[in-house]
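Those protein sequences? They're chains A and B, same order as listed.
Our numbering puts the first residue of the first sequence at 1, with every later residue one more than the last.
Our numbering puts the first residue of the second sequence at 106, with every later residue one more than the last.
One structure below.
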Amino acid sequence: MDTTVGDVYEVFRQEEQGDPFRHAGNLLAPDDDLALQYARDLYGRRHESVRLWVVRRAAIMEVKDADLLASQLDRTYREGAGYRITVEKRKALRARVAAERGEAK
Amino acid sequence: MEDQAQIDEFKARIDAGGKVEVGDWMPEDYRTRAIRFIEMHGNSELMGALPERDWILRAPSLRRKLALTAKIQDEVGHGQLLYRVAEDLGKPREAMLEDLIAGRTKFHNVFHYPTRTWADVAIIGWLVDAAAIVSQTALRSSSYAPYARTMTRICWEEAFHLKQGEDAVLTLMAGTERQKEMCQEALNRWWGPLMHMHGPNTPAERDGDLAWKIKTKCNYDLRQEFLATYIPKIREIGLEVPDPNMRHDQATGSWLYTEPDWEELKTVVRGAGPASQERLGFRRFNYEETRWVRDAVLGSASVAA
Ligand SMILES: [Fe+2]
Ligand SMILES: [Fe+2]
Chain A
1 MDTTVGDVYE VFRQEEQGDP FRHAGNLLAP DDDLALQYAR DLYGRRHESV
51 RLWVVRRAAI MEVKDADLLA SQLDRTYREG AGYRITVEKR KALRARVAAE
101 RGEAK
Chain B
106 MEDQAQIDEF KARIDAGGKV EVGDWMPEDY RTRAIRFIEM HGNSELMGAL
156 PERDWILRAP SLRRKLALTA KIQDEVGHGQ LLYRVAEDLG KPREAMLEDL
206 IAGRTKFHNV FHYPTRTWAD VAIIGWLVDA AAIVSQTALR SSSYAPYART
256 MTRICWEEAF HLKQGEDAVL TLMAGTERQK EMCQEALNRW WGPLMHMHGP
306 NTPAERDGDL AWKIKTKCNY DLRQEFLATY IPKIREIGLE VPDPNMRHDQ
356 ATGSWLYTEP DWEELKTVVR GAGPASQERL GFRRFNYEET RWVRDAVLGS
406 ASVAA
């Protein structure tokens, strides 16, 4: 990083009140005050954000663990989509129950 | 002393659908209520892991065991997320845990009851989680934005909880007579607690949490929503709702039912439910057993500081 021009800052913006903050981009600024000013100029001047967060890139850490984040193991037992079979099971059961109730009458 | 004009302005902002972020100014009443509400939610997630925990070793197949373990891990995770939101509002986590195990704060009524058979676990996964999803989905529009965003994340995980529970119920109901009976018995046991779950019909105008839009739907509406979706689903698979008065009233469009015993709810959440003390006892034991971990972690933080 060229220290004569400053630090890289990542900018996160909130589009509507209550929304999660989303990464918008980054900027280069010589200090915190100018980083805030540049963020206003770049991401705030068209009312496209209700809030802006500006964070030094150096302060951002990343989790790098493919075994966790993109595991090759079968994890379908812990996902809603792993239970699509319930649609078929319910259909079959509903038909059976309806038939039994019909016979009972 | 708070400035009334500032409070009025805040109230007007909330009424207009405005959202509050953690660093914003907020009236003390808002902060206190938000902490209490979110803390109780966090307590419930943490305590909610226990009834099902009893069944990890007894789950009927490896996949069910994996699913149950994952669900319980999620619930404890929800507790962590929620405690963090409450902590950010100003109540330290240690204080929340200590208040919980000392019985000074509450957790949801359903987690004060024992799980007698595997069918109880199936009914909890399906219907207790379904009832919780109804509440939590509504909370996605809470005026307290960090809480609302946490709800979005939690609801996403809850979808799996409900599905694995429903799958277990459907499997039992498609099984032998004994399995069906077991499932019906579990539904009978859980029906009372389920009807209590959304709370008494406190009039909206007397509900301060509703006034600040910390929560957005009244208890009555939440219960109606739950019944409208799940009564037909329960009945069509051959289960009977153990309330002879349960029916949909065409004229009003709402569900009629036998009024639940609200005294039981009060007794139970006060810590006098059938499994309350055993569960709190386990938490106390667990809290002591893990003290060294907290000391090690917090100790190193204070040294670094
Ligand atoms: Fe949960
Ligand atoms: Fe859940």
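A virtual CB, placed ideally from N, CA and C, is assigned to each residue, including glycine.
**is_contact[B:Ala410, chain A] using C-beta, thresh 8 Å** = Taking the first residue of the second sequence as position 1, residue 410 of chain B is located at position 305. Residue placement at B:Ala410 is flagged as unreliable, the pLDDT there being 43, under the threshold of 50; the coordinate-derived value follows with that caveat. Contacts with chain A at 8 Å (Cβ-Cβ) do not include B:Ala410.
**Message:** Assuming A:Asp7 is part of the beta strand (DSSP E), what are its boundary residues?
**Reply:** Working through the first sequence from its first residue, we reach residue 7 of chain A at position 7. Per DSSP, A:Asp7 belongs to the beta strand (DSSP E) from 7-14.
**Message:** Once DSSP output is grouped into helix, strand and coil, what is the label at B:Val125?
**Reply:** Stepping through the second sequence from its first residue, residue 125 of chain B is reached at position 20. DSSP, read as helix, strand or coil, puts B:Val125 in strand.
**Prompt:** Taking buried to mean at least 16 other C-beta atoms within 10 Å of its own C-beta, is B:Gly378 buried or exposed?
**Reply:** Translated into positions along the second sequence, residue 378 of chain B becomes position 273. By the neighbour-count definition (other C-beta atoms within 10 Å, threshold 16), B:Gly378 is a buried residue.
**Message:** Can you determine whether any heavy atom of ligand 1 sits closer than 7 Å to the C-beta of B:Ile177, and answer yes or no?
**Reply:** For the purposes of this step, residue 177 of chain B is identified with residue 72 of the second sequence, where counting begins at 1. Relative to ligand 1, the beta carbon of B:Ile177 is positioned no closer than 7 Å to any heavy atom.
**Request:** Please report the residue range of the beta strand (DSSP E) in which B:His266 lies.
**Result:** If you number the second sequence from 1, residue 266 of chain B lands on position 161. For B:His266, no beta strand (DSSP E) encloses it; the enclosing alpha helix (DSSP H) starts and ends at 250-278.
**Request:** Report the rounded CA-to-CA distance for B:Gly208 versus A:Leu42, giving the unit in angstroms.
**Result:** Within the second sequence, residue 208 of chain B is the residue found at index 103, counting from 1. Within the first sequence, residue 42 of chain A is the residue found at index 42, counting from 1. For the pair B:Gly208 and A:Leu42, the Cα-to-Cα distance works out to about 52 Å.
**Prompt:** DSSP three-state call for B:Leu202: helix, strand or coil?
**Reply:** Here residue 202 of chain B is taken as the residue at index 97 of the second sequence, counted from 1. In this structure, B:Leu202 counts as helix in the three-state DSSP scheme.
**Asked** CB-CB under 6 Å to B:Asp225, same chain, minus the five flanking residues each way: which ones, in chain order?
**Response** Translated into positions along the second sequence, residue 225 of chain B becomes position 120. Within its own chain, the residues whose Cβ lies closer than 6 Å to the Cβ of B:Asp225, once the five positions on either side in sequence are excluded, are Ala291, listed in chain order.
**Asked** At a cut of 8 Å, does the segment 267-276 of chain B reach the segment 196-214 of chain B through at least three beta carbon pairs?
**Response** Too few Cβ pairs lie closer than 8 Å, so no.
**Message:** Taking 7 Å as the cut-off, is the C-beta of B:Asp312 nearer than that to any heavy atom in ligand 2?
**Reply:** The residue given as residue 312 of chain B occupies position 207 in the second sequence. No, Cβ of B:Asp312 sits at least 7 Å from all heavy atoms of ligand 2.
**Asked** Within the present structure, is the beta-carbon of B:His303 separated from the nearest heavy atom of ligand 1 by less than 7 Å?
**Response** As a working mapping, residue 303 of chain B is identified with position 198 in the second sequence. Relative to ligand 1, B:His303 has its C-beta separated by 7 Å or more from all heavy atoms.
**Request:** Out of B:Arg388, B:Val373, B:Pro156, point me to the one whose CA is closest to B:Gly304's CA.
**Result:** Counting from one through the second sequence, the residue named residue 304 of chain B turns up at place 199. A check of alpha carbon separations from B:Gly304 across B:Arg388, B:Val373, B:Pro156 identifies B:Val373 as the nearest.
**Prompt:** Who are the near neighbours of A:Leu28 in its chain, counting only those whose CB is closer than 7 Å to its CB and skipping five residues on each side?
**Reply:** Numbered from its first residue, the first sequence carries residue 28 of chain A at position 28. The answer, listed in chain order, is Val5, Gly6, Val8.
**Asked** According to DSSP, which residues form a beta bridge with A:His23?
**Response** In the first sequence, counting from the first residue as 1, residue 23 of chain A sits at position 23. Paired residues: A:Phe12.
**Request:** Quick one: using the 10 Å Cβ neighbour count with 16 as the cut-off for buried, is B:Ala191 buried or exposed?
**Result:** Translated into positions along the second sequence, residue 191 of chain B becomes position 86. Looking at its Cβ environment, which holds 16 or more other Cβ atoms inside 10 Å, B:Ala191 is buried.
**Message:** Measuring only the C-alpha atoms, how far is B:Tyr188 from B:Ile319?
**Reply:** In the second sequence, residue 188 of chain B corresponds to position 83, counting from 1. In the second sequence, residue 319 of chain B corresponds to position 214, counting from 1. If you take the alpha carbons of B:Tyr188 and B:Ile319, they lie about 16 Å apart.
**Request:** Can you tell me which of the three DSSP states B:His303 falls into?
**Result:** Along the second sequence, read from residue 1 onward, the residue named residue 303 of chain B stands at position 198. Assignment of B:His303 by DSSP, reduced to helix, strand and coil, places it in the coil class.
**Request:** Collect the residues with a C-beta less than 5 Å away from any heavy atom of ligand 2 and give them in sequence order along the chain.
**Result:** Sorted by position in the chain, B:Asp234, B:Glu263, B:His266 make up the residues whose C-beta lies under 5 Å from a heavy atom of ligand 2.
**Message:** Checking the sheet assignment: what are the DSSP bridge partners for A:Val55?
**Reply:** On the first sequence, residue 55 of chain A is found 55 positions in, with the first residue counted as 1. Answer by DSSP bridge pairing, in chain order: A:Glu10.
**Message:** Under DSSP, the alpha helix (DSSP H) around B:Glu415 begins and ends at which residues?
**Reply:** Outside the shown range of chain B, which is 106 to 410, sits residue 415 of chain B, and nothing can be said about it.
**Prompt:** Among residues of its own chain, excluding the 5 on either side of B:Met97, which ones have a beta-carbon nearer than 6 Å to its beta-carbon?
**Reply:** Nothing in the structure corresponds to residue 97 of chain B, since chain B is present only between 106 and 410.
**Asked** Beta-carbon of B:Glu341 versus every beta-carbon of chain A: anything under 8 Å?
**Response** As a position in the second sequence, residue 341 of chain B is number 236, starting the count at 1. At least one beta carbon of chain A lies nearer than 8 Å to the beta carbon of B:Glu341.
**Message:** Could you check whether the segment 58-67 of chain A touches the segment 239-251 of chain B, counting it as contact only if at least three pairs of C-beta atoms, one from each stretch, sit closer than 8 Å?
**Reply:** These segments do not touch.
**Same chain only: Cβ atoms within 7 Å of B:Glu286, ignoring 5 sequence neighbours per side** = On the second sequence, position 181 is the one that residue 286 of chain B refers to. None.
**Prompt:** Under 7 Å Cβ-Cβ, which residues of chain A neighbour B:Gly123?
**Reply:** Taking the first residue of the second sequence as 1, we reach residue 123 of chain B at position 18. For B:Gly123, the residues of chain A that pass the 7 Å Cβ criterion are Gln17, in the order they occur in the chain.
**Message:** On the criterion of 16 or more Cβ atoms from any shown chain inside 10 Å, does A:Met1 qualify as buried, or is it exposed?
**Reply:** As a working mapping, residue 1 of chain A is identified with position 1 in the first sequence. Note that A:Met1 has pLDDT 49, beneath the 50 cutoff, so the model's placement of it is unreliable and no number is given.
**Request:** Output, in chain order, the set of chain A residues within a Cβ distance shorter than 9 Å of B:Arg254.
**Result:** The residue given as residue 254 of chain B occupies position 149 in the second sequence. Here the neighbours are Gly18, Asp19, Pro20.
**Request:** Within the same chain, show all residues whose beta-carbon is closer than 6 Å to that of B:Arg417, passing over the 5 residues directly before and after it, in chain order.
**Result:** Residue 417 of chain B falls outside the range modelled here, since chain B spans only 106 to 410, and no answer is possible.
**Asked** Since B:Pro337 is in the alpha helix (DSSP H), which residue starts that stretch and which ends it?
**Response** Here the question's residue 337 of chain B lines up with position 232 in the second sequence. In the DSSP annotation of this structure, the continuous segment of the alpha helix (DSSP H) that includes B:Pro337 starts and ends at 324-341.
**Prompt:** Is the beta carbon of B:Glu150 within less than 7 Å of some heavy atom of ligand 1?
**Reply:** For this step, residue 150 of chain B is matched to residue 45 along the second sequence. Checking every heavy atom of ligand 1 against the Cβ of B:Glu150, one is found closer than 7 Å.
**Request:** Check the Cβ of B:Lys268 against every Cβ in chain A and list those closer than 9 Å, keeping chain order.
**Result:** For the purposes of this step, residue 268 of chain B is taken as the residue at position 163 of the second sequence. By Cβ distance, chain A contributes Glu79, Gly80, Ala81, Gly82, Tyr83, Arg84, Thr86.
**Asked** Which two residues bound the contiguous alpha helix (DSSP H) that contains B:Asn391?
**Response** Residue 391 of chain B sits at position 286 when you count from the first residue of the second sequence. First-last of the alpha helix (DSSP H) with B:Asn391: 381-394.
**Request:** Please classify B:Leu194: does DSSP put it in a helix, a strand, or coil?
**Result:** Within the second sequence, the letter at position 89 stands for residue 194 of chain B. Of the three classes helix, strand and coil, the one that applies to B:Leu194 here is coil, per DSSP.
**Message:** Taking the straight line between their C-alpha atoms, what separation do you get for B:Thr357 and B:Leu327?
**Reply:** Counting from 1 along the second sequence, the entry for residue 357 of chain B is found at position 252. Counting from 1 along the second sequence, the entry for residue 327 of chain B is found at position 222. Roughly 16 Å between the two C-alpha positions.
**Request:** Give the interface partners of A:Leu69 over in chain B, defined as CB-CB distance under 9 Å, in chain order.
**Result:** Here residue 69 of chain A corresponds to residue number 69 of the first sequence, with the count starting at 1. Neighbourhood of A:Leu69 in chain B, by CB distance below 9 Å: empty, with the nearest CB roughly 16 Å away.
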